[in-house]
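Colleague:
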Amino acid sequence: MKDLTGLKCPQLFVQFKYLLKQNSTANYVVFKFAQDAQLNDVFRYLDNQQRTYTWQFNVLTVTNPIEEAN
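The opening position of the sequence shown corresponds to residue 1217 in my numbering, with each subsequent residue numbered one higher.
1. For residue 1221, collect the residues of the same chain with a Cβ closer than 7 Å to its Cβ; drop the 5 residues on either side in sequence, then sort them by chain order.
2. Which residue from 1275, 1273, 1267 and 1272 puts its Cα closest to that of residue 1237?
3. Restricting to Cα atoms, I'd like to know which of 1243, 1233, 1280 and 1281 is closest to residue 1260.
4. Where does residue 1273 fall in DSSP's three states?
5. Compare the Cα-Cα distances from residue 1323 to each of 1224, 1218, 1219 and 1280 and report the closest residue.
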């Protein structure tokens, strides 16, 4: 679990994207956010990238796309 509870935007969003890229080979990545975190940019980014995610109790789980073998 990647703990981002101590960060606020814009650093929160920058670290989120960085950690998501660093963990691109994992099946999923789990992030923990502060209760009052502003996550509009995070959700917009995930939606624009057509990423699958779940949000529950300040924890965001992002599923990495499965690469199809050619």
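Positions of the beta carbon are idealized from the N, C-alpha and C atoms, including for glycine.
Modeller: Judging by the given coordinates:
1. Here the set comprises 1248, 1249 and 1250.
2. Relative to residue 1237, the option among 1275, 1273, 1267 and 1272 whose CA is nearest is 1267.
3. 1233
4. coil
5. This structure gives no information on residue 1323, because the portion of the chain shown stretches from 1217 to 1286.
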